[in-house]
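Here the structure comes first, spelled out in structure tokens, and everything after it is commentary.
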Amino acid sequence: MELTIAEIFKVIILGIVEGVTEWLPISSTGHMILVDEIVTLQVSQKFKDMFLVVIQLGAILSVVVMNFNRLNPWAAGKNRSERKKTMVLWFKVIAATLPAAVIGLSFNKYMEQHFMTAGVVASTLILYGILFIVVENRNKNRVPRITSLDDLDYKTAMMIGCFQVLSLVPGTSRSGSTILGGILCGVSRIVVTEFTFFLAIPVMFGASLLKLVKFGFSFSMTELIILLLGMVVAFVVSVLSIKCLLKYIKKNDFKAFGYYRIALGIIVLICLVF
Numbered sequence: 337m338e339l340t341i342a343e344i345f346k347v348i349i350l351g352i353v354e355g356v357t358e359w360l361p362i363s364s365t366g367h368m369i370l371v372d373e374i375v376t377l378q379v380s381q382k383f384k385d386m387f388l389v390v391i392q393l394g395a396i397l398s399v400v401v402m403n404f405n406r407l408n409p410w411a412a413g414k415n416r417s418e419r420k421k422t423m424v425l426w427f428k429v430i431a432a433t434l435p436a437a438v439i440g441l442s443f444n445k446y447m448e449q450h451f452m453t454a455g456v457v458a459s460t461l462i463l464y465g466i467l468f469i470v471v472e473n474r475n476k477n478r479v480p481r482i483t484s485l486d487d488l489d490y491k492t493a494m495m496i497g498c499f500q501v502l503s504l505v506p507g508t509s510r511s512g513s514t515i516l517g518g519i520l521c522g523v524s525r526i527v528v529t530e531f532t533f534f535l536a537i538p539v540m541f542g543a544s545l546l547k548l549v550k551f552g553f554s555f556s557m558t559e560l561i562i563l564l565l566g567m568v569v570a571f572v573v574s575v576l577s578i579k580c581l582l583k584y585i586k587k588n589d590f591k592a593f594g595y596y597r598i599a600l601g602i603i604v605l606i607c608l609v610f
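Shown next as structure tokens:
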């Protein structure tokens, strides 16, 4: 396979889409499936299936880099109490990861074979768009009971992890399902968003590792360039997306994303019909 300017441009577009949508509650997988219908890489289906998952590693690494000291129990300058808090945070993340890990390993192949379609993506975009609007209206005058990561207990973390299981259906959005779950559990928007970022680290590293093992580690030079370029673009765009999202939710709710999801879902359904 020859690496042309056109293919490089397609990879950059996919990297931008991944970097933007991975952190917004609008479904990165759903958007990647939809964009792939228009911007189709001239690669084998096996490589594409792996690429659309492993490109997320670039986005995940942005969270690790941006929060390295915060997530590192042995960071210089941390006292014993701070190290303990960091370890406790990781234990909560691991606890919240368990439901998706157990159920995901069991049903991931089935979901890929039967649900990776534009119709499913459109339906879930609309459904969860409506849910975002309903939940935000319901919580409009409610005061969250959890306003810091330190206050997030294991029970609530596990409940958020259970909501993450819903994201096995394409178009749902991993961040969208966990954010909705957190808000319903009484967690503030900023806290559940940050926890969602951290929760993505083991989940996406695990998913990417499984894809790489399944694909094998024998890449052609062209395939390696495509994968690394996509990850680098996703990394850079993710840094900007995360900063913008955290700034946005300090003063706004998630209803705008709900309206966006509904509009996009309707457009996709219309395209499928005509």
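In terms of the working numbering, the numbers along the sequence shown are unbroken and rise by one, the last being 610. Beta carbons: idealized from backbone N, C-alpha and C, even for Gly.
Quick one: is residue i buried, meaning 16 or more other Cβ sit within 10 Å of its Cβ, or exposed?
i	result
Ser380	exposed
Thr532	buried
Glu343	buried
Gly351	buried
Leu425	buried
Glu418	exposed
Thr492	buried
Ser511	buried
Leu560	exposed
Phe553	exposed
Thr340	exposed
Ile606	exposed
Leu565	buried
Phe610	exposed
Lys428	buried
Phe499	buried
Determine which residues share a DSSP beta bridge with residue i and list them.
i	result
Val523	Ile482
On the DSSP letters alone, give me the boundaries of the alpha helix (DSSP H) that residue i sits inside.
i	result
Ile348	Ile341 to Thr357
Lys583	Met557 to Ile585
Ser459	Ala454 to Arg474
Glu373	Ser364 to Ile374
Lys491	Tyr490 to Gln500
Lys414	Per DSSP, Lys414 belongs to no alpha helix (DSSP H) and is neither H nor E.
Gly594	Lys591 to Val609
Val399	Gln392 to Met402
Assuming residue i contacts residue j (C-beta within less than 8 Å), just tell me the rounded distance between them.
i	j	result
Asn405	Ala411	4 Å
Thr433	Val505	The Cβ separation is near 18 Å, so there is no contact.
Ala536	Val399	7 Å
Ser513	Ser524	Going by Cβ atoms, the distance from Ser513 to Ser524 rounds to 17 Å, so no, they are not a contact pair.
Gly594	Ile469	4 Å
Val604	Leu370	7 Å
Thr508	Ser363	6 Å
Lys586	Ile526	7 Å
Ile396	Phe541	6 Å
Leu520	Val471	6 Å
Does the Cβ-Cβ distance between residue i and residue j come in under 9 Å?
i	j	result
Val572	Gly355	yes
Gly518	Arg478	no
Ile462	Arg597	yes
Val353	Met368	yes
Gly440	Val389	no
Met567	Gly394	yes
Met494	Ala436	no
Thr529	Leu581	yes
Lys421	Asp487	no
Met447	Lys550	no
Leu608	Gly465	no
Ile391	Leu563	yes
Val401	Val575	yes
Lys476	Asp589	yes
Glu358	Ala570	yes
For the ligand ATP, is there any heavy atom lying closer than 8 Å to the beta carbon of residue i?
i	result
Ile374	Questions concerning the ligand ATP fall outside what the structure shown contains, since it holds no ligand whatsoever.
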